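The working numbering numbers the first residue of the sequence shown as 121 and each following residue consecutively.
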Amino acid sequence: MAKVNISLDADLVVEVMVLTGVGNPQDAVELVVRDYIERGHRTEARTATRDEALRTVDVRPRDVEG
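Now the structure itself:
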């Protein structure tokens, strides 16, 4: 996989390290990014399932009252 170098605010990185419990700044930030991406995929999957259920319409003819 290709690597990218970026600069981040040191306070931000330290906070990420504390929250993740990881001592290596690179690993801590990578862990947060991977988690963010996975959450997005899970949300998309849940939303797609719900949207698909809303699109499914009961096509049985209704009983006519009268």
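We put the beta carbon where it would ideally sit given N, CA and C, even for glycine.
Predicted model, so just to flag it, every value in this text is computed and none were measured.
Item, Value
"Between L128, R166, R162, which lies nearest to A148 when the distance is taken from Cα to Cα?", "L128"
"When DSSP labels each residue in this structure, what does R182 get in the three-state scheme?", "coil"
"Check the C-beta distance from L151 over to V142 and give it rounded, since I have them as a contact under 8 Å.", "6 Å"
"How big is the Cα-Cα spacing for E158 and I126?", "21 Å"
"Let's see if you can read the secondary structure: which residues bound the alpha helix (DSSP H) around V128?", "The sequence given here places Leu at residue 128; Val does not occur at that position. Neither: L128 is in no alpha helix (DSSP H) and is coded neither H nor E."
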